[in-house]
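For reference, the structure discussed in these notes is given below.
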Amino acid sequence: EFFDALKGIQALLSKEELQTIWQESAQHISVAFEEFSDLLSEIGIAEWREKEQRYKFADIYVYGFEMIRRGAV
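Going by the numbering used here, the letters in the sequence shown line up with residues 22 to 94, in that order.
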């Protein structure tokens, strides 16, 4: 469900945006959002970018999940 929910979403997500997707599609995976976001980082799907205050998804997943790349660096 979580990966399906990423289709058409920006590849750079604010914490609030990612948290909303998590609540709607992946809360059963991890009780706490911080644990879930840490998991995404540990397995290389998304990383927190302090400067932009956003999560950046790795390019391979941006294409695989059909996310929108605009603005991703």
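Even for Gly, the Cβ is constructed at its ideal location relative to N, Cα and C.
Are the CB atoms of residue j and residue i within a distance shorter than 8 Å?
i      : j      : result
Met-88 : Ala-32 : yes
Glu-91 : Ser-35 : At residue 91 the sequence reads Arg, which differs from the Glu that was named. It is not a contact, given that the beta carbons lie outside the stated cut-off.
Phe-57 : Ile-64 : no
Ordered along the chain, which non-local residues of its own chain (more than five positions away) have a Cβ less than 8 Å from that of residue i?
i      : result
Ile-66 : Phe-78, Ala-79, Tyr-82
Lys-28 : Phe-86, Glu-87, Met-88
Glu-73 : Leu-33
Compute the Euclidean distance between the alpha carbons of residue i and residue j, then round it to the nearest angstrom.
i      : j      : result
Val-94 : Glu-45 : With a pLDDT of 49 at Val-94, under the threshold of 50, the modelled position of this residue cannot be trusted; read the value that follows with caution. Going by the C-alpha atoms only, they are around 27 Å apart.
Asp-25 : Ile-42 : 10 Å
Ser-62 : Glu-71 : 13 Å
Leu-60 : Phe-23 : 13 Å
Glu-38 : Val-52 : 17 Å
Quick one: what's got a C-beta closer than 6 Å to residue i's C-beta in the same chain, skipping five residues either side?
i      : result
Gln-40 : Phe-54
Ile-30 : Met-88
Glu-68 : Ser-62, Lys-77
Where does residue i land, buried or exposed, given buried means 16+ other C-beta within 10 angstroms?
i      : result
Tyr-84 : exposed
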